[in-house]
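Structure first, then comments.
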Amino acid sequence: MPLCIDFRKLNAVPVFDAENIPRQEDLFNQLSHATIFSSCDLCKAYWQVPLHPDCRKYTAFQTQLGLIQWVRMPFGLVTAPATFCRLMRLVIGQTPDLLSYFDDTLVFATSWQQHIVALRALLTLLRRHGLHVNPSKVSIGSSSVEFLGHMISSGTLVPVQKKMDKILQLSVPVKKKEVRSLLGLVNYYRHFIANFASISAPLSDLLRKGTPEKVQWTPGCDQSLAEIKRLFSSPPILIIPDMQETFIVRSDASDFDIGAELLQDRDGILMLCCYASRKLLPRECRYSAIEREALALVFAVTQFQRYLIFKHFVLQTDHKPLAYLRTGSPKNARLMRWALALQEFSFQVVHIHGSENVHADVLSRLC
């Protein structure tokens, strides 16, 4: 376990150092075609970054041997994460087939020749900058790899089993701190679970302001935890979106909820990339049927915007009047506003039968 000093007073002094931390989705999207992987972790990553001599005195801490100051970047400094992310960004740069997230570095390729070139490039960069890897956390030439808590293999994404086992072994929390820990674990994988916000609502309600520190566990909380465990006992396999292929978006609405899913055609089979759902606000529950369906459409496009912007996609709905939203001139002011909001996207609205829209319909009706 790394030594961590209480730097709260020191952290209040420096100007906040901002650095762009990569989105995990953006990293995963680069791996849609990869079939060969190598990975490594840096050994005591922060300690490989030297501190400027003028700054070392500010990190001094008291021991029985007197004051000791750090000569390497310690854990606990507010600027440490940004500094290390910047270091890895500068080291890796735009090198093809390499990516990193803090000290986790991944080499990926579609052929052995390409993979060896990329692996040699990584080792050269690490040697040039004096960085060392942890030998016990090196994997070379695998068909699947564990990266950021997920198992990645041939364009698919699943949670790592050890994390799923940990979720299945969760016990009933007694204090708010334990509830936060529980939700922190399952929230990380919420993109695998439909209507997660609704399922976990009884648990998150325990953290509301004014509720006692010792949680009041209810039958609703029992049902919520049991359902979370059931869903994570066999999580779905998601495909990593291929940005070169056409996306298909489906949406649906019920009286109280809306649902959406993002799909792509793989060898004639529609495969799930992402899904989302949310409960309707009280005022939205009073919308007419076509307004709720249109809201679901807008929700779907907004939720998956990072995949759909600047690309033509197909939007499938089982509500036939929506097929004319793109080409018609709605008289309803709300529908007109939504139609105008969708103008920046290039898509075709296609009507499908309700029996074909099972997944999105289930998402909306299970919330």
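Per UniProt numbering, the sequence shown runs over residues 1 to 367.
Cβ atoms here follow ideal geometry from the backbone N, Cα and C, with glycine treated the same way.
Treat the numbers as computed from the prediction; the structure is a model and nothing was measured.
Asked                                                                                                                               : Found
Terminal residues of the alpha helix (DSSP H) in which P159 lies                                                                    : No alpha helix (DSSP H) contains P159, which is instead part of the beta strand (DSSP E) from T156 to P159.
Best match in M271, F7 and I309 for proximity to G155 [C-alpha to C-alpha]                                                          : M271
Validate contact between the segment 163–170 and the segment 52–72 using beta carbons, cut 8 Å, 3 pairs                             : no
For V249 and L262, believed in contact at Cβ under 8 Å, the rounded distance                                                        : 6 Å
For R72, three-class secondary structure by DSSP                                                                                    : strand
For A45 and D6, believed in contact at Cβ under 8 Å, the rounded distance                                                           : No, D6 and A45 are not in contact; Cβ-Cβ is about 21 Å, not under 8 Å.
D26 versus Q305: straight-line alpha-carbon distance, rounded                                                                       : 13 Å
Test item: CB-CB of A253 and S277 under 8 Å                                                                                         : no
Start-to-end residues for the beta strand (DSSP E) that takes in G93                                                                : Note, G93: premise wrong, no beta strand (DSSP E); not H, not E.
Beta carbon of F313 nearer than 8 Å to that of F247                                                                                 : yes
For E245, the residue or residues it bridges with in DSSP                                                                           : Its beta-bridge partners do not exist; DSSP assigns none.
Contact between the segment 195–205 and the segment 122–140 (3+ Cβ pairs under 8 Å)                                                 : no
Straight-line gap, S251 to A296 (C-alpha atoms, nearest Å)                                                                          : 6 Å
Buried versus exposed call for Q161 [16 or more other C-beta atoms within 10 Å across all chains shown]                             : exposed
Beta-carbon gap between I269 and D318 smaller than 8 Å                                                                              : no
Alpha helix (DSSP H) segment containing T302, residue limits                                                                        : A289 to Q303
Uninterrupted alpha helix (DSSP H) stretches inside the UniProt domain "Reverse transcriptase" (1–152) (no shorter than 4 residues) : 8–11, 24–29, 80–92 and 112–128
Sub-8 Å separation of D265 and S32 beta-carbons                                                                                     : no
Classification of Q303 by the beta-carbon crowding that lies within 10 angstroms, buried from 16 upward                             : buried
CB of L122 within 8 Å of CB of T105, strictly                                                                                       : yes
L206 beta carbon less than 8 Å from that of R134                                                                                    : Correcting the residue identity first, residue 134 is Asn in this sequence and not Arg. No, these two residues do not count as a Cβ contact at 8 Å.
Heavy atom of the ligand SAH within 7 Å of D257 beta-carbon                                                                         : Questions concerning the ligand SAH fall outside what the structure shown contains, since it holds no ligand whatsoever.
CA nearest to the CA of L77, picked from N11, G130, I21 and H115                                                                    : N11
Helix, strand or coil at H312 [DSSP, three-state]                                                                                   : strand
DSSP three-state assignment for K284, whether helix, strand or coil                                                                 : Looking at the sequence shown, residue 284 is not Lys but Glu. Helix at E284.
Beta bridge counterpart(s) of A276 as assigned by DSSP                                                                              : A260
The segment 77–90 / the segment 15–22 touching (three or more Cβ pairs under 8 Å)                                                   : yes
Euclidean distance between Cα positions of V145 and Q62                                                                             : 43 Å
Rounded straight-line distance, which links the Cα of I258 to that of S346                                                          : 22 Å
Secondary structure of K331, DSSP reduced to three states                                                                           : coil
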